[in-house]
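To start, the structure itself, in structure tokens.
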Amino acid sequence: MTGLPPYVVWRRRMLWLRAVLVIALALALLVLRQFSALVPLSLTPLLWLGALLLPNLLTLLTLNLDPRPQQRLLAVELAMDVLLFLAVVQLFGGASNPMTFYLLVPVLMAGMTLPPMTNGLVLILALTGYMTVSQWHHMPAPHTALHALTRELSALHNIGMAVAFAALAVTLSILGQVIQALTRQQQRQQDKAMELAGRRERMYQVAATLAHQAHELNTPLSSLVMISDNALQEPGLSGTTRADLEQIHALARQVAGKLRRADHHDVPEDIDFAALIDRLRLHLRHLQPTLEIRHQGPDHAVLKQASDWFRVLANLGYNAIDAGAGTLAIQLSTAPEEWRLQISDDGPDHPERPGREGMGIGLALVESTLENLDARLEMEFSRQWTQARIRWSGYGA
933 MTGLPPYVVW
943 RRRMLWLRAV
953 LVIALALALL
963 VLRQFSALVP
973 LSLTPLLWLG
983 ALLLPNLLTL
993 LTLNLDPRPQ
1003 QRLLAVELAM
1013 DVLLFLAVVQ
1023 LFGGASNPMT
1033 FYLLVPVLMA
1043 GMTLPPMTNG
1053 LVLILALTGY
1063 MTVSQWHHMP
1073 APHTALHALT
1083 RELSALHNIG
1093 MAVAFAALAV
1103 TLSILGQVIQ
1113 ALTRQQQRQQ
1123 DKAMELAGRR
1133 ERMYQVAATL
1143 AHQAHELNTP
1153 LSSLVMISDN
1163 ALQEPGLSGT
1173 TRADLEQIHA
1183 LARQVAGKLR
1193 RADHHDVPED
1203 IDFAALIDRL
1213 RLHLRHLQPT
1223 LEIRHQGPDH
1233 AVLKQASDWF
1243 RVLANLGYNA
1253 IDAGAGTLAI
1263 QLSTAPEEWR
1273 LQISDDGPDH
1283 PERPGREGMG
1293 IGLALVESTL
1303 ENLDARLEME
1313 FSRQWTQARI
1323 RWSGYGA
């Protein structure tokens, strides 16, 4: 996922496409020059070939603008592509030249990136331009290969070419709109999946916090804080007794605060594998105390961007808990060229939930986080285990 709208992405891609087009046409002119050496090469076609790159100038000047106006700029650039290419085609035999079908490229781009109304305008511009150059165009110089090709084409052939061009243009325009609609639908589904995954992650984090607080209330230290606090509210205490209770109360709160901070400090930027597993085990312990977390691998292997790796493992752990897993097995293998992390759970083997697929549920956050880590995810489901295999280059670890 790039995070950029499609029309911004295609503006950048069209930079290269126009450059390739100009180079290809220039090479074609040189080849044709070999077949018509008696006719000098005019400067006018070369100037019009260079003019095909004018939309690139507009793109380069406005590429860093806010994405919203860039859709309108793309429409302007595609219209310029159509008009400039029609001017080139007009010099090389008009619609009888097969390269006229390049006009279908901006038509397809408009269908994939622009609103229906603007797409329709680009389509009408291309069709009108094609019909115009089919009737009004510059005849190539005599005794040239292009002139011979043009003279051999019959009027009936030109009509067939026009019908084929119009049919293809309309078809590609509609196809582009369909692709654009499907892309938007897929993006909405992905956003919804991310939202649901984020809600579930926050729900589990709140549940873990509440479970931890409930655990604290059952400890002797918390009982001491509550008893000393209640005792201080009693009237008629002597000065010595009140001073002792205040000292006990302050000391108990101070110790409880230090323990609480020790349990809730942030994940560092870099962390070794064993410490990361310990944090994961502590985090998931309050959600499902019976979940057994086993790990295997080099304990001192350092993982960079540890907060992202903790998020990946935590969400895979949430999925395993959802599936009723009793065991979560984590294995790390390191190599100079590639590191591998395998997370397995026995959720599918749980007798009360035989139809669930363990960590295969709700992987939207996991996949998006792994993209930031330049890691690849592979899932494998079996009747006993669900396995998630993560691979990334050793440099990113």
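Numbering (our numbering), first residue to last: 933 to 1329. Cβ coordinates follow ideal geometry from the N, Cα and C atoms, glycine included.
Shown here for H1232: same chain residues with a beta carbon closer than 6 Å to its own, the five before and five after excluded, namely D1204 in chain order.
As the crow flies, the alpha-carbon of A1182 is around 28 Å from that of H1215. Shown here for H1227: same chain residues with a beta carbon closer than 6 Å to its own, the five before and five after excluded, namely I1209 and I1262 in chain order.
In the assembly as shown, V1037 is a buried residue. Its beta-carbon has 16 or more other beta-carbons within 10 Å. Relative to V1020, the option among E1310, E1009 and G982 whose CA is nearest is G982. Within the model, the alpha-carbon separation for I955 versus Y1034 is close to 14 Å.
DSSP, read as helix, strand or coil, puts L1305 in coil. Within the region 955-1014, complete alpha helix (DSSP H) segments of at least 4 residues are found at 975-983 and 986-994, given in chain order. If you draw a straight line from the Cα of A1163 to the Cα of T1173, it comes to about 10 Å. Measuring C-alpha to C-alpha distances from M1063 to each of G1092, A1042 and P1047 identifies G1092 as the nearest. Within its own chain, the residues whose Cβ lies closer than 6 Å to the Cβ of L1005, once the five positions on either side in sequence are excluded, are T994, listed in chain order. For E1312, the pairing in a beta bridge is given by DSSP as Q1319.
In this model, F1313 and E1201 are separated by some 32 Å (Cα to Cα). Comparing alpha carbon positions, the residue from P987, P977, S974 and L1114 closest to M946 is P987.
Annotated three-state conformation of Q1237 is coil, per DSSP. Taking the Cα positions, W980 is about 57 Å away from T1266. Per DSSP, T1259 is not a residue of any alpha helix (DSSP H); the beta strand (DSSP E) it occupies stretches across T1259 to S1265. If you draw a straight line from the Cα of A1206 to the Cα of K1236, it is about 14 Å long.
CA-to-CA, the gap between D1240 and L1305 works out to about 8 Å. For the options Q1316, P1001, W1271 and P999, the alpha carbon positioned closest to that of T1259 is the one of Q1316. DSSP places S1325 in the coil class of the three-state scheme, outside both helix and strand.
In the same chain as F1017, and ignoring 5 residues on each side of it, the C-beta atoms closer than 7 Å to its own belong to L984, Y1034 and L1035, in chain order. With fewer than 16 other Cβ atoms from the protein chains shown falling within 10 Å of its own Cβ, I1056 counts as exposed. With respect to L1264, P1230 sits close: the two C-beta atoms are nearer than 8 Å. Each residue's CA atom was taken as its position, placing L1053 and D998 some 24 Å apart. Under the three-state reduction of DSSP, D1277 is assigned to strand. Residue nearest to I1106 within the set L961, V963, V1039 and L975 is V1039 (criterion: CA-CA distance). The beta carbon of T1050 sits closer than 6 Å to the beta carbons of A1007 from its chain, once the five residues preceding and following it are set aside; these are given in chain order. Linking P1048 to Q1121 through their CA atoms gives a straight-line distance of about 22 Å.
When DSSP states are grouped into helix, strand and coil, E1270 belongs to the coil group. Annotation for D1210: the continuous alpha helix (DSSP H) segment containing it runs F1205 to R1217.
The three-state reading of DSSP puts Q1228 in strand, counting E and B together.
By the Cβ neighbour-count rule, D1123 is exposed, with fewer than 16 other Cβ atoms within 10 Å of its own.
As DSSP reads the structure, D1254 sits in no beta bridge. Rounded to the nearest angstrom, the gap between the Cα atoms of F1024 and R1308 is 50 Å.
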